[in-house]
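S.K.: Structure provided below as structure tokens; questions to follow.
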Amino acid sequence: MTYSRASTNGPNRRIIILISGGGSNMRAILKTAKRDHWHTRYGAAVAAVVSNQREAGGLVCAQEAGVATHVLSHRDFTDRLSFDLALMRLIDQQDVQGPNQVPALIVLAGFMRILSPAFVSHYAGRLLNIHPSLLPAFAGLNTHQRAIDMGCKFAGATVHHVTAALDHGEIVAQAVVPVLAGDDAAGLAARVLTQEHLLYPQAIAQWLQAKVSQ
Ligand code: GAR
Numbered sequence: 015m016t017y018s019r020a021s022t023n024g025p026n027r028r029i030i031i032l033i034s035g036g037g038s039n040m041r042a043i044l045k046t047a048k049r050d051h052w053h054t055r056y057g058a059a060v061a062a063v064v065s066n067q068r069e070a071g072g073l074v075c076a077q078e079a080g081v082a083t084h085v086l087s088h089r090d091f092t093d094r095l096s097f098d099l100a101l102m103r104l105i106d107q108q109d110v111q112g113p114n115q116v117p118a119l120i121v122l123a124g125f126m127r128i129l130s131p132a133f134v135s136h137y138a139g140r141l142l143n144i145h146p147s148l149l150p151a152f153a154g155l156n157t158h159q160r161a162i163d164m165g166c167k168f169a170g171a172t173v174h175h176v177t178a179a180l181d182h183g184e185i186v187a188q189a190v191v192p193v194l195a196g197d198d199a200a201g202l203a204a205r206v207l208t209q210e211h212l213l214y215p216q217a218i219a220q221w222l223q224a225k226v227s228q
């Protein structure tokens, strides 16, 4: 186990999580960050949670965990780029730069928006997503039903860097789950989600470790 650059004398990095719904991946990340002392180990802390849905259940969980929350509804914007530019402003306001501050890691955790190239290039190399399939198979929606319909024997989840091509960025980590006889989409989704909760915090920790080791 490597303990490099404690937050007191090394760089500090904020983590900003974007959600649209229940936020179970967000909760897994918060729990792991606390349990594994990401603050002292990597100088990293979840600083804010942003949702494009006012009613996202994850917002309450984040508040209960003492994390600042923000809502920016895409419905208040006439086009994708205007929303994305406003979202960039909101994120960057949460990423106040001080002497020891390095640019935030942006974590998409069930954030159900296609992002414009301007947004993606602004956060290049520090924008992660989790997708509920074994990419490059089944980019897009309804991944579990599509895997069942294709007769796949295995399904899973992928953590990847976000690029302008939907669900096609460089793969960081994957978890594999068998498709069982009689599986329906909901059952398979629940089993994959359990693995997502292990995979995503682990992939983020690896990303943070790589940064402090550079
Ligand atoms: C997760 O299964 C995640 O992989 C998926 O949405 C769910 C969010 O659950 N993301 C996507 O489909 C992105 N294309 P959560 O809100 O409970 O974390």
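Quick note: to get the numbering used here, add 14 to the position in the sequence shown (first position is 1). The beta carbon of each residue, even a glycine, is placed where N, CA and C say it ideally should be. Just so it is clear, the structure is predicted and the values come from calculations on it, not from any experiment.
1) My output table needs one value for Val-226: the three-state DSSP class, helix, strand or coil.
2) Between the region 41–50 and the region 129–146, can you find at least three pairs of beta-carbon atoms closer than 8 Å?
3) On the DSSP bridge list, what partners appear for Ser-65?
4) How many angstroms separate the CA atom of Ala-203 from the CA atom of Val-176?
5) Can you determine whether any heavy atom of ligand 1 sits closer than 8 Å to the C-beta of Met-126, and answer yes or no?
6) Just the C-alpha distance for Ala-138 and Val-81, rounded to the nearest angstrom, thanks.
7) For Pro-150, is the classification buried or exposed, using 16 other Cβ atoms within 10 angstroms of its Cβ as the cut-off for buried?
8) Could you tell me which of Phe-125, Gln-111, Arg-27 sits nearest to Val-85, measuring between CA atoms?
9) Look at the alpha carbon of Leu-73 and the alpha carbon of Gln-111, and state the distance between them as a whole number of angstroms.
10) Assign Gly-196 to buried or exposed, taking buried as 16 or more other Cβ atoms, counted over all protein chains shown, within 10 Å of its Cβ.
11) Can you list, in chain order, the residues of its chain whose CB lies under 6 Å from that of Tyr-56, leaving out five sequence neighbours each side?
12) Out of Gln-228, Pro-192, Ala-187, state which residue places its alpha-carbon closest to the alpha-carbon of His-211.
13) Counting Cβ pairs closer than 8 Å, one from the region 111–121 and one from the region 24–32, do we hit at least three?
14) Short of 6 Å in beta carbon distance, which residues of its chain neighbour Leu-95, apart from the five on each side in sequence? Order them along the chain.
15) Would you say Gln-216 and Thr-46 are within 9 Å of each other, going by their C-beta atoms?
16) Is Gln-111 helix, strand or coil when you go by DSSP?
17) Measuring from the CB of Pro-117, is there a heavy atom of ligand 1 at a distance below 8 Å?
M.R.: Checking against the coordinates, here is how it stands:
1) Three-state result, Val-226: helix.
2) With a cut-off of 8 Å, the region 41–50 and the region 129–146 do not count as touching, because too few Cβ pairs lie within range.
3) For Ser-65, which the question treats as bridged, DSSP gives the partners Ile-33, Val-85.
4) Taking the straight line joining both Cα atoms gives about 22 Å.
5) Of the heavy atoms belonging to ligand 1, at least one sits nearer than 8 Å to the Cβ of Met-126.
6) Answer to the nearest angstrom: the Cα atoms are 25 Å apart.
7) Result: exposed.
8) The shortest C-alpha to C-alpha distance from Val-85 to any of Phe-125, Gln-111, Arg-27 is the one to Phe-125.
9) Linking Leu-73 to Gln-111 through their CA atoms gives a straight-line distance of about 25 Å.
10) With fewer than 16 Cβ atoms within 10 Å of its Cβ, Gly-196 is classed as exposed.
11) Counting only Cβ-Cβ distances below 6 Å, and skipping sequence neighbours, we find Leu-222, Val-226.
12) Answer by Cα proximity: Ala-187.
13) In short, these stretches touch, since the Cβ pair count reaches three.
14) Hits under 6 Å: Ser-130.
15) The Cβ atoms of Gln-216 and Thr-46 sit closer than 9 Å to each other.
16) Coil.
17) The answer is no for Pro-117.
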